[in-house]
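Comments concern the structure below.
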Amino acid sequence: MSAAPLLQVEHLSKSYGGVHAVQDVSFSLVPGEMLAMIGPNGAGKSTCFNMVGGQIPAGSGRVRIDGRDVSGLSPRQIWRLGVGRTFQVAQVFKSMTVRENVQAVFASRESGWGFLARAGSAHRTEAEAVLHLIGMADFADRPCADMAYGDVKRLELAMALANDPKLLLMDEPAAGMAPLERVELMGLTARIAKERQIGVLFTEHDMDVVFAHADRMMVLNRGRLIAEGRPEDVRQDTQVRAVYLGEGLVYDQAAAARRASA
């Protein structure tokens, strides 16, 4: 028996004047599933993604998490329901250590906007457990300002996981990372998602990342959902191939395997 949907997006639309950024988009996501949202530039991915997370109010339609309608809730209210978020440009506190960044998330869950005052003193054990989960325990005392960007992206994932999410939203998680770092980060994310039954919705331009880690994928073009399904099926869709002509949708599996093992 298939799992009940964790995330349900129903007839989501958003317009800016006469421009239809997102038009009647519906999809669902179950626990433990990696769902990729792809499309050419201007397809409406960011608008749709940010409506799910509450950063942009929907023009029409509904977003449901665990059956609850979250339409109109603020990003923080949605976060408190168990939704983690990472960004295309990693969002961390550079003046803090790695451990303190994760402690800040735990403190924020308890004390709201007063969390920074308690970031370095509370939840040390919990923070270290999360860092161990993602292989960053040895980095705990390192200042974020001294870290390579790939490690900063891993830290941002740790901060998202500190919220104990049931749903994880990842906006271009591989952006700005070296090829091997991309493979490692998304492999780690996929493993944790399966182990903890976290649903993951992610946008991504790197087709190697998408085809290697997505259980399903959906393709937007000019605000509309034009294809959805398993990566191997979507790759063969004639409309998708036409939209992506010249943009790298044709996936070289052998080449990707060589890069992953390099």
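Counting along the sequence shown from 1, when you hit position 11 you're at 13 in the working numbering, and nothing is skipped either side. Cβ coordinates follow ideal geometry from the N, Cα and C atoms, glycine included.
Contact the segment 219-236 vs the segment 30-46: 3+ CB pairs below 8 Å
yes
CA-CA distance, Ala192 and Gly19? 39 Å
Counting along the chain, where does the beta strand (DSSP E) carrying Phe29 start and finish?
21-31
Closest by C-alpha distance to Pro7, when choosing among Arg70, Ala23, Pro59:
Arg70
Problem set entry | Where Leu91 falls, given that 16 or more other Cβ within 10 Å makes a residue buried | Correcting the residue identity first, residue 91 is Val in this sequence and not Leu. It is exposed - the Cβ of Val91 has fewer than 16 other Cβ atoms within 10 Å.
Check your understanding: At a cut-off of 7 Å, is Lys16 close to the ligand GTP when judged by its beta-carbon and the heavy atoms of the ligand?
Key -> The ligand GTP is absent from the structure shown, which contains no ligands of any kind.
| With 16 as the cutoff for other CB atoms within 10 Å, does Ser48 come out buried or exposed? | buried
Cβ pair count under 8 Å reaching 3, the segment 154-167 against the segment 62-76: no
Quiz item: What's the gap between the Cα of Arg218 and the Cα of Met36?
Solution: 7 Å
- Hey, how far is the Cα of His134 from the Cα of Ala23? 41 Å
Considering only the alpha carbon of each residue, which of Ala229, Met172, Ile228, Glu197 lies closest to Val211? Met172
*Is the beta carbon of Gly56 less than 8 Å from the beta carbon of Pro77?*
yes
Practice prompt. With DSSP as the reference, label Lys96 as helix, strand or coil.
Written response: coil
Could you tell me how far apart the beta carbons of Cys50 and Leu14 are, in whole angstroms, since I believe they sit closer than 8 Å?
-> 6 Å
Relative to the C-alpha of Leu83, which residue among Leu170, Gln25, Pro145, Val27 is closest?
Leu170
Distance check for Glu183 and Trp115, CA to CA, integer angstroms please. Because Trp115 carries a pLDDT of 49, less than 50, the predicted location of this residue cannot be relied on, and the following value inherits that uncertainty. Taking the straight line joining both Cα atoms gives about 33 Å.
Under the assumption that Ile200 contacts Pro167 (Cβ atoms under 8 Å), give the Cβ distance between them as a whole number of angstroms. 6 Å
Q: Out of Phe29, Val236, Ala216, Val245, point me to the one whose CA is closest to Arg66's CA.
A: Phe29
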